[in-house]
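One structure is given here, and the rest of the page talks about it.
Residue numbers (my numbering): 1 to 229.
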């Protein structure tokens, strides 16, 4: 799918010139360009037009979570039909391990992970691995730190379709190998449960899950489910 910019207005003032110059600079292979403008001058809208023109996956990198949230909301409005993703550190709190020699005090590492931010990070990663090109990732400097080898992520992808010949047991092994946990009690993110020939999967990166129904060694049905019920 191509980037489809949706806005109730057209570029005006200096914006058309800036859009054309930035677009041409990218096509020429320029590595560095600067867009200057005061607050409220439409820099985000200008960049949205550049993204529409060049039709390339885009990383928007900024220095704090507040600005990431603002830009994410704006780009979601400009590109509602495309994959606009949010990627920041998932820590609500992080205390690194430390030692204070003056008082001979050892401080243990302590942290608290925000489940919603973790889900959004995984969704961004999933979009990048999906093969689609209409992706905008709005990120903080957290994205400069490695999350692992992309090849390892790709090897954990499970591709299934209705009518596939696949044993239920083999499918369960694939889920475990992809780091899903089997459960019979709490159906939380990243878990799956088994009821007869039916396997319910709670995906870790979206707000819904999948129900896979087997008939013998064949996938009879795949449907979306509400993981809250």
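Note that CB positions come from ideal geometry on N, CA and C, so glycine has one too.
Roughly how many angstroms separate the alpha carbons of residue i and residue j, rounded to a whole number?
i	j	result
residue 153	residue 122	11 Å
residue 33	residue 159	41 Å
residue 227	residue 35	44 Å
residue 212	residue 9	45 Å
residue 100	residue 107	8 Å
residue 22	residue 39	19 Å
residue 155	residue 129	11 Å
Judging by CA-CA distance, which residue of the options is the nearest neighbour of residue i?
i	options	result
residue 161	179, 138, 210	210
residue 47	5, 200, 67, 29	5
residue 190	175, 143, 196	175
residue 59	127, 28, 183	127
residue 229	185, 197, 39	185
Which residues share a DSSP beta bridge with residue i?
i	result
residue 33	Per DSSP, none; premise fails for residue 33.
residue 139	61, 87
residue 27	In the DSSP output, where bridge partners are listed per residue, residue 27 has none listed.
residue 233	There is simply no residue 233 to check, as the chain begins at 1 and stops at 229 in what is shown.
residue 111	94
How would you label residue i, buried or exposed, when you count the other beta carbons within 10 angstroms and need 16 or more for buried?
i	result
residue 56	exposed
residue 165	exposed
residue 85	buried
residue 90	buried
residue 167	exposed
Does the distance from the C-beta atom of residue i to that of residue j stay below 8 Å?
i	j	result
residue 177	residue 187	no
residue 208	residue 200	no
residue 136	residue 19	no
residue 134	residue 82	yes
residue 54	residue 26	yes
With 8 Å as the threshold, decide whether the Cβ of residue i is near any Cβ in chain B.
i	result
residue 51	Chain labels in this structure do not include chain B; a single protein chain is all it has.
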